[in-house]
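Student: First residue of the sequence shown? That's 124 in my numbering, and the numbers climb one at a time after it. A virtual CB, placed ideally from N, CA and C, is assigned to each residue, including glycine.
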Amino acid sequence: MASETQPAEAPRTPPIVAFTLGDPNGIGPEVALKCLSDTRIRELADPVLIGSAAVVRAHAHALGLDNLDIWPVTDPSFEVAPTRLKIIDSAPGKGASVDFGKETAEAGQQAFQAVRVAVSLAMEGRVDAIVTGPISKKAISLAGYGFAGHTDYLVERTEPGAHIMMMVADDLRVGLLTAHVPLAEVARVVTKDAVVAGVNTIDASLRQDFGIERGRIAVLGLNPHAGERGVLGREESGAIIPAIRYCSKGGIMAFGPFPADGFFGSRAFRGYDAILAMYHDQGLIPFKTLAFNEGVNFTAGLPIVRTSCDHGTAFDIAGRNRADEQSTRQALYLALDVVRQRRYADNSL
């Protein structure tokens, strides 16, 4: 019986990967279908959609895929023909509708229930990884759920302790010390303990998830010019620099703090295995500028493997066959890489 904080081992090949549909009125189902319509992916992964078959068929119709063979199952390990696409109904007995481009309570409920089912499957060891589709925070709120997004819910369910949102594109890995924190509150959250925890979590993830034993971690400053020695702010001298020194004494290769603009503008990031940004836009603006359609949202520190595309619901183009599935495909590839690396690490113990 799997514990609530540690997924059971499930040494399967290829890995079973759950794809949550995301908001049914957004582009989540579209990018999932575009990604999984390439049957060559079945050589790498055993995918299963989590959500409503009616929603999938509505999006398939919008894509001109009316002949798509959707196969409802109750067990993610159920084997079907390579041309079929498995789906587990996350809300059996309830109808489901699609209203492209609209943020509704019904859509928020559908999106949340798919995530709930997928996390349960992962914690029980019945799937090896989750690729989450984009959700609407407003729709989730309209449905009455008190979660700001995927990460809050995942953390509550898995109780990982330290965790961090990390954006990944090949060798570019950007972790966010504060993710969905209002800018007016960021400085209060940037403490020595928080920075130490962020660096430690990234270092552990580099080893466990990416196979990098002695990763070089760059830490960005909070203020312009990294505080300019206290002239433009004291968070660097009071919290960030002491945290870097503490981590370095513990054997972690942490460096900085670096002014964010010059660090990315000069391409200095190429010399590091990961970067710790102090707040959302400081890390995500340069990341998405460099790798918008190829980036992946990865939650480091979780006992289960979860990745996601790096874009939102894109309600303005939902149902128009205009969404690019490349980020979802990369999310799948990263999930598979992390699953393999964790299996390798477990077998090496």
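(1) Who pairs with Gly488 in a beta bridge, going by DSSP?
(2) Looking at Gly338 and Asp396, is the spacing between their C-beta atoms short of 8 Å?
(3) Determine which residues share a DSSP beta bridge with Ala423 and list them.
(4) Can you name the start and end residues of the alpha helix (DSSP H) that Arg239 belongs to?
(5) Could you give the distance in angstroms between the alpha-carbon of Ala230 and the alpha-carbon of Ser213?
(6) With 16 as the cutoff for other CB atoms within 10 Å, does Pro199 come out buried or exposed?
(7) According to the neighbour-count rule (16 or more other Cβ atoms, all chains shown, within 10 Å of its Cβ), is Thr136 buried or exposed?
(8) Taking DSSP as the reference, what is the three-state secondary structure of Pro195?
(9) Put Lys157 into one of helix, strand or coil per three-state DSSP.
(10) Compare the C-alpha of Ser450 against each of Ala285, Ile408 and Thr255 and name the closest.
(11) Check for me: the beta strand (DSSP E) holding Phe142 runs from which residue to which?
(12) Taking the straight line between their C-alpha atoms, what separation do you get for Asp469 and Tyr268?
(13) Going by DSSP, what residue range makes up the beta strand (DSSP E) through Ile363?
(14) Mapping DSSP to helix, strand and coil, what is Arg429?
(15) Can you find at least 3 beta carbon pairs, one from the region 287-302 and one from the region 420-429, that sit closer than 8 Å?
(16) Taking the continuous beta strand (DSSP E) assigned at Ala341, which residues delimit it?
(17) With distance defined between alpha-carbon atoms, name the residue in Lys411, Arg465, Leu144 and Arg249 nearest to His273.
(18) Taking just the CA atoms, how far does Val140 sit from Gly248?
(19) Using 10 angstroms around the beta-carbon of Asn323, count the other beta-carbons present and answer buried if the total reaches 16, otherwise exposed.
(20) Do the region 305-318 and the region 435-443 touch if we need at least three Cβ pairs shorter than 8 Å?
(21) Would you decide whether Asn190 is buried or exposed? Buried here means 16 or more other CB atoms lie within 10 Å of its CB.
(22) Note the first and the last residue of the continuous beta strand (DSSP E) segment covering Ala252.
(23) Taking contact to mean 3 or more Cβ pairs, one atom from each stretch, closer than 8 Å, check whether the region 406-413 and the region 360-380 are in contact.
(24) Got a sec, what are the start and stop residues for the alpha helix (DSSP H) Ala320 sits in?
(25) Quick one: Cα of Ala219 to Cα of Phe392, how far?
(26) Taking the CB atoms as reference points, tell me whether Val179 and Leu172 lie closer together than 8 Å.
(27) Verify whether the separation of the beta carbon atoms of Leu244 and Val238 is less than 8 Å.
(28) Whole angstroms are fine: how far does the CA of Val278 sit from the CA of Ile193?
Tutor: Walking through what the data contain:
(1) Missing from the structure shown is residue 488; the chain here goes from 124 to 472 and no further.
(2) For the purposes of this step, residue 396 is identified with residue 273 of the sequence shown, where counting begins at 1. For the purposes of this step, residue 338 is identified with residue 215 of the sequence shown, where counting begins at 1. Note that the C-beta distance between Asp396 and Gly338 is below 8 Å.
(3) As a first step, residue 423 is located in the sequence shown; it is residue number 300 there, counting from the start. For Ala423, which the question treats as bridged, DSSP gives the partners Ile287.
(4) In the sequence shown, residue 239 corresponds to position 116, counting from 1. Start and end: Ala228 to Met246.
(5) For the purposes of this step, residue 230 is taken as the residue at position 107 of the sequence shown. For the purposes of this step, residue 213 is taken as the residue at position 90 of the sequence shown. If you take the alpha carbons of Ala230 and Ser213, they lie about 13 Å apart.
(6) By one-based count along the sequence shown, residue 199 stands at place 76. It counts as buried.
(7) Start at 1 with the first residue of the sequence shown, and residue 136 comes out as number 13. Thr136 comes out exposed.
(8) Translated into the one-based positions of the sequence shown, residue 195 becomes position 72. Strand.
(9) Taking the first residue of the sequence shown as 1, we reach residue 157 at position 34. The answer is helix: DSSP assigns Lys157 an H, G or I state.
(10) Position 327 of the sequence shown holds residue 450. Out of Ala285, Ile408 and Thr255, Thr255 has the C-alpha closest to the C-alpha of Ser450.
(11) Numbered from 1 along the sequence shown, position 19 holds the residue referred to as residue 142. It spans Ile139 to Thr143 - the beta strand (DSSP E) in which Phe142 sits, taken as one unbroken run.
(12) Working through the sequence shown from its first residue, we reach residue 469 at position 346. Working through the sequence shown from its first residue, we reach residue 268 at position 145. Taking the Cα positions, Asp469 is about 36 Å away from Tyr268.
(13) Counted from its first residue, the sequence shown places residue 363 at position 240. Note, Ile363: premise wrong, no beta strand (DSSP E); not H, not E.
(14) Taking the first residue of the sequence shown as position 1, residue 429 is located at position 306. Residue state, collapsed to three classes: strand.
(15) yes
(16) Within the sequence shown, the letter at position 218 stands for residue 341. Arg339 to Leu343 is the extent of the beta strand (DSSP E) around Ala341.
(17) On the sequence shown, position 150 is the one that residue 273 refers to. Residue Leu144 is the option with its Cα nearest to His273.
(18) Counting from one through the sequence shown, the residue named residue 248 turns up at place 125. Counting from one through the sequence shown, the residue named residue 140 turns up at place 17. Gly248 and Val140: Cα-Cα distance of roughly 11 Å.
(19) For the purposes of this step, residue 323 is identified with residue 200 of the sequence shown, where counting begins at 1. Buried.
(20) no
(21) On the sequence shown, residue 190 is found 67 positions in, with the first residue counted as 1. The residue is exposed, with fewer than 16 neighbouring Cβ atoms inside 10 Å.
(22) Residue 252 sits at position 129 when you count from the first residue of the sequence shown. Ala252 to Thr255 is the span of the beta strand (DSSP E), which, as asked, contains Ala252.
(23) no
(24) If you number the sequence shown from 1, residue 320 lands on position 197. DSSP places Ala320 in the uninterrupted alpha helix (DSSP H) bounded by Lys315 to Phe333.
(25) Within the sequence shown, the letter at position 96 stands for residue 219. Within the sequence shown, the letter at position 269 stands for residue 392. For Ala219 and Phe392, the distance between alpha carbons rounds to 45 Å.
(26) Translated into positions along the sequence shown, residue 179 becomes position 56. Translated into positions along the sequence shown, residue 172 becomes position 49. The answer is yes: Cβ separation under 8 Å.
(27) Within the sequence shown, residue 244 is the residue found at index 121, counting from 1. Within the sequence shown, residue 238 is the residue found at index 115, counting from 1. In this structure, Val238 does not lie closer than 8 Å to Leu244 by Cβ.
(28) For this step, residue 193 is matched to residue 70 along the sequence shown. For this step, residue 278 is matched to residue 155 along the sequence shown. Computed Cα separation, rounded: 31 Å.
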